[in-house]
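Contents: one structure, followed by commentary.
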Amino acid sequence: MSELAVGDSSKLPASWDVAAVDEVASINPKLVGAIDDSDQVHFVPMAAVAEDFGGIDVSATRPYGEVRKGYTCFASQDVLFAKITPCMENGKGALVPKLAHIHAFGSTEFHVLRSYGAVRPKWLARYLSQPDFRKAARHNMTGTAGQLRVPTKWLSASKLPVPPLAEQDRIVEKLEELLSDLDAGVAELKAAQRKLAQYRQSLLKAAVEGALTADWRAARTAVPSSSSLRKQGSSDSKRNTAKSLDSRVRGNDGHEETGAALLQRILTERRAHWEAKQLAKFAEQGKTPPKDWQSKYPEPVAPDTTDLPALPEGWAWASIEQVSADDAYSLAIGPFGSNLTVADYRSEGVPLVFVRHIRSRQYANTKFVSLEKADELKAHHVEAGDVLVTKMGEPPGDADIYPAGCQTAVITADCIKVRCQQGLMLPQFLAAIVNSALGKKQIQPITQGVAQKKVSLGRFSSLALPLPPIDEQSYAVAQLTVALKEADAQANTLEYGLKQAAAQRKNILKAAFAGQLVPQDPHDEPASTLLERIRTERVAAGANGAGETGQKNKRKAKEAGHA
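Position 442 (the sequence shown) corresponds to 443 in the working numbering; numbering is contiguous.
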């Protein structure tokens, strides 16, 4: 027997055979039958077909005149198989169900397969749905990056196992039984994932809007300040040390410094530091400071708080730029264009951070650059504790913190780095804001691009952030960390369950297409006889003017008669 696209043909039952796809199905068949421009047809864009052969929505309709050009036609019981990346790899495909209208039209990025009768449509659809078949198709794609497609030639020549028709029916029935149970379990796991995602968002919302720390604030206002609770027996030196440490988060009256006061103090200190540096420069150059030299200070952009929710008492609004550290390159994006190319990548050295690392929160398995190249890219260095944000994606704006213990790295083009001002904004709290609905709501309208959606650093730096007192941030982060850790554990359990289900599905399909799912019946017509009969019928149909070839011959004869 010929080699299969997936599986081992040498181990198939004796009553089975192997055939090329184009021996058992017409690929991309032409429109059959007369149709008027005003007739309604089903319309199925790529988005209407679920991934992993998970279903198809045929509810949309359009007049034939709107889809007669630029779309692919198909009918009930045809099999759709996406040919373009990444739709093919994601399993965009389906068996077309019974249709209310005779004809349907969809994306030209579908291959359409119509069985000649030697294979059941469900059998064909299940075979094409296998991850291993898609993997084989991926290796045989042609075209340019982003436009890779499965060639019709490769699909036509791909071999598949063909059991007797009666056995196909028994296998399909067993598959439906086993996979429906498995699908129900997968649906439950995915529903649990959605609920968990909603729970995570509710935690972030509670943290950044103040609900998570409401009881904490109430308790703090109900007790005297810590300065009045110090033991009377403490030495003067201990008391003075405690006051000195506490002064960074409390005002002169001993009460906790509000978010607004904290922000104003940091901004004032930052300006004073800049002015001192400028005066030192003038002195070093022997120059008298020019008139209005203070007006040259680059004031951090303030946030636009229009339509933003009210904040708890003691909180304030601040911008990304305002809470970033008063250091060079504390707010930066990755290197642009030729400053970092694939040619610079090395197998060891200084690690690179890509968008995928931020999204997965996993920073292993990366590329590197040499120490010399990393030194050229100092402006793009990232250290442990820096907040990393994706500036590209669907949508952009996923945030994570570069983990402790990781060596200095270099961010790549589609990443943003924020180093928070110590004592003003905790990195964990900033990441929570960006990941929350409050952050997403602000990022969405400032995202630009069609093929690739991106947010610029300039727009991102003006994002409005709720700023609680630093002690309240610490409490919120502690509570959030515990809750999110528990949520992560649940997420890992659900993901493991889905991986097990995928492995089980693969094993079930493997058994089905190897003849191991149901017993063979010696009374079944052998597949070789079936295939030969189908071939004979196709030849006869062509000779008699039926089928695609016969119809073409009839049209040619008719045209010749009118000539």
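Don't be surprised by glycine CBs; every beta carbon is placed ideally from N, CA and C.
These numbers come from a predicted model, not from an experiment.
Segment contact, 8 Å Cβ cut-off, at least three pairs: the segment 152–162 with the segment 463–478: no
First and last residue of the uninterrupted alpha helix (DSSP H) at Ser60: By 1-based counting over the sequence shown, the position of residue 60 is 59. Note, Ser60: premise wrong, no alpha helix (DSSP H); not H, not E.
Own chain partners of Ala26 with C-beta closer than 8 Å, once the 5 adjacent residues on each side are dropped: Along the sequence shown, one-based indexing puts residue 26 at 25. Once the five neighbours on either side are set aside, the close Cβ partners of Ala26 are Val80, Leu114, Arg115, Ser116, Tyr117, Val120 and Leu125.
Buried or exposed (CB count within 10 angstroms, at least 16 for buried), Ala513: Taking the sequence shown and counting its residues from 1, the one referred to as residue 513 is at position 512. Buried: at least 16 other Cβ atoms inside 10 Å.
Distance, Leu389 Cα to Glu314 Cα: Within the sequence shown, numbered from 1, the residue matching residue 314 stands at position 313. Within the sequence shown, numbered from 1, the residue matching residue 389 stands at position 388. Approximately 29 Å between the Cα atoms of the pair.
Pair within 8 Å by beta-carbon distance, Pro165 and Leu532: What you label residue 165 is simply residue 164 of the sequence shown in a count that begins at 1. What you label residue 532 is simply residue 531 of the sequence shown in a count that begins at 1. No, these two residues do not count as a Cβ contact at 8 Å.
CB of Thr86 within 8 Å of CB of Met47, strictly: By 1-based counting over the sequence shown, the position of residue 86 is 85. By 1-based counting over the sequence shown, the position of residue 47 is 46. Against a cut-off of 8 Å, the Cβ pair of Met47 and Thr86 comes out as no contact.
Segment contact flag, the segment 265–276 with the segment 292–299, C-beta cutoff 8 Å, min 3 pairs: yes
Reduced DSSP category for Glu384 - H, G, I as helix; E, B as strand; rest coil: For the purposes of this step, residue 384 is identified with residue 383 of the sequence shown, where counting begins at 1. Coil at Glu384, not helix or strand.
DSSP bridge partner residues for Trp318 (one or two, in chain order): Here residue 318 refers to the residue found at position 317 of the sequence shown. Trp318 is bridged to Pro467.
Helix, strand or coil at Asp184 [DSSP, three-state]: In the sequence shown, counting from the first residue as 1, residue 184 sits at position 183. Reduced to three states, the DSSP call for Asp184 is helix.
Spatial distance of Lys99 from Val59 (CA atoms): Reading the sequence shown from its first residue, position 98 is the one you call residue 99. Reading the sequence shown from its first residue, position 58 is the one you call residue 59. Going by the C-alpha atoms only, they are around 10 Å apart.
Counted within 10 angstroms of its Cβ, other Cβ atoms place Asp401 as buried (16 or more) or exposed: The residue labelled residue 401 in the question sits at position 400 within the sequence shown. Buried.
Secondary structure of Val68, DSSP reduced to three states: Walking along the sequence shown from the start, residue 68 turns up at place 67. Residue state, collapsed to three classes: helix.
Completely contained beta strand (DSSP E) runs for the segment 347–419, where each covers 3 or more residues: Within the segment 347–419, the complete beta strand (DSSP E) segments of 3 residues or longer fall at 351–354, 388–391, 400–402, 410–412 and 416–419, listed in chain order.
Sheet register partners of Gly94 (DSSP bridge): Position 93 of the sequence shown, counted from the first residue, corresponds to residue 94. For Gly94, the pairing in a beta bridge is given by DSSP as Phe82.
8 Å contact criterion, which Leu378 and Leu341 should meet: CB distance rounded: The sequence position of residue 378 within the sequence shown is 377, counting from 1. The sequence position of residue 341 within the sequence shown is 340, counting from 1. In this structure Leu378 is in contact with Leu341, their Cβ atoms being roughly 7 Å apart against a cut-off of 8 Å.
Rounded separation between Arg195 and Lys282 - CA only: One-based indexing of the sequence shown puts residue 195 at position 194. One-based indexing of the sequence shown puts residue 282 at position 281. So the two alpha carbons sit approximately 57 Å from each other.
Near the ligand ADP: Ser11 beta-carbon under 7 Å from a heavy atom: Only the bare structure without any ligand can be found here, which leaves the ligand ADP out of the picture.
DSSP-derived helix/strand/coil call for Thr494: Taking the first residue of the sequence shown as 1, we reach residue 494 at position 493. The answer is helix: DSSP assigns Thr494 an H, G or I state.
C-beta atoms of Gln323 and Pro301 nearer than 8 Å: Sequence index remark: in the sequence shown, residue 323 carries index 322 (1-based). Sequence index remark: in the sequence shown, residue 301 carries index 300 (1-based). A contact, by the Cβ cut-off of 8 Å.
Extent of the continuous alpha helix (DSSP H) to which Lys441 belongs: Residue 441 sits at position 440 when you count from the first residue of the sequence shown. Ala438 to Ile444 is the span of the alpha helix (DSSP H), which, as asked, contains Lys441.
Contact between the segment 175–189 and the segment 411–425 (3+ Cβ pairs under 8 Å): Output reads no: the segment 411–425 does not touch the segment 175–189.
Cα-Cα separation, Arg420 to Glu487: Taking the sequence shown and counting its residues from 1, one reaches residue 420 at position 419. Taking the sequence shown and counting its residues from 1, one reaches residue 487 at position 486. Roughly 27 Å between the two C-alpha positions.
Contained beta strand (DSSP E) runs [length at least 3] in the segment 127–207, N- to C-terminal order: For the beta strand (DSSP E) assignment, the uninterrupted runs of no fewer than 3 residues enclosed by the segment 127–207 are, from N- to C-terminal side, 160–163.
Delimiting residues of the beta strand (DSSP E) encompassing Gly107: Here residue 107 refers to the residue found at position 106 when the sequence shown is read from its first residue. Ala105 to Gly107 is the span of the beta strand (DSSP E), which, as asked, contains Gly107.
Identity of the residues DSSP links to Cys88 by a beta bridge: Within the sequence shown, the letter at position 87 stands for residue 88. Note: Cys88 sits in no beta bridge, so no partner.
C-beta contact flag for Gly338 and Phe369 at 8 Å: The sequence position of residue 338 within the sequence shown is 337, counting from 1. The sequence position of residue 369 within the sequence shown is 368, counting from 1. Their beta carbons are not under 8 Å apart, which means Gly338 does not touch Phe369 by this criterion.
C-beta contact flag for Ala21 and Ser159 at 8 Å: Against the sequence shown, residue 21 aligns to sequence position 20. Against the sequence shown, residue 159 aligns to sequence position 158. Judged by beta-carbon spacing, Ser159 lies within the 8 Å limit of Ala21, meaning their Cβ atoms are closer than that value.
Inter-residue spacing [alpha-carbon to alpha-carbon] between Ile57 and Gly386: Position 56 of the sequence shown, counting from 1, holds the residue named residue 57. Position 385 of the sequence shown, counting from 1, holds the residue named residue 386. Computed Cα separation, rounded: 45 Å.
CA nearest to the CA of Ile359, picked from Arg347, Ala333 and Pro397: Locating residue 359 in the sequence shown gives position 358, counting from the first residue. The option with the nearest alpha carbon to Ile359 is Pro397.
Assigned exposure category for Arg357 - 16 Cβ within 10 Å defines buried: For the purposes of this step, residue 357 is taken as the residue at position 356 of the sequence shown. Sixteen is the threshold: since fewer than 16 other Cβ atoms of the shown chains lie within 10 Å of the Cβ of Arg357, the residue is exposed.
According to DSSP, residues forming a beta bridge with Thr73: Residue mapping note: residue 73 aligns to position 72 of the sequence shown, counting from 1. Answer is Gly107, bridged to Thr73.
Continuous alpha helix (DSSP H) stretch holding Asp305: start and end: Indexing the sequence shown from 1 puts residue 305 at position 304. Unbroken run through Asp305: none, as it is neither H nor E.
Start and end residues, alpha helix (DSSP H) containing Leu263: For the purposes of this step, residue 263 is taken as residue 262 along the sequence shown, with counting starting at 1. Looking at the DSSP string, the run of the alpha helix (DSSP H) that includes Leu263 is Gly260 to Gln286.
CB of Tyr330 within 8 Å of CB of Ala380, strictly: Locating residue 330 in the sequence shown gives position 329, where the first residue counts as 1. Locating residue 380 in the sequence shown gives position 379, where the first residue counts as 1. Yes.
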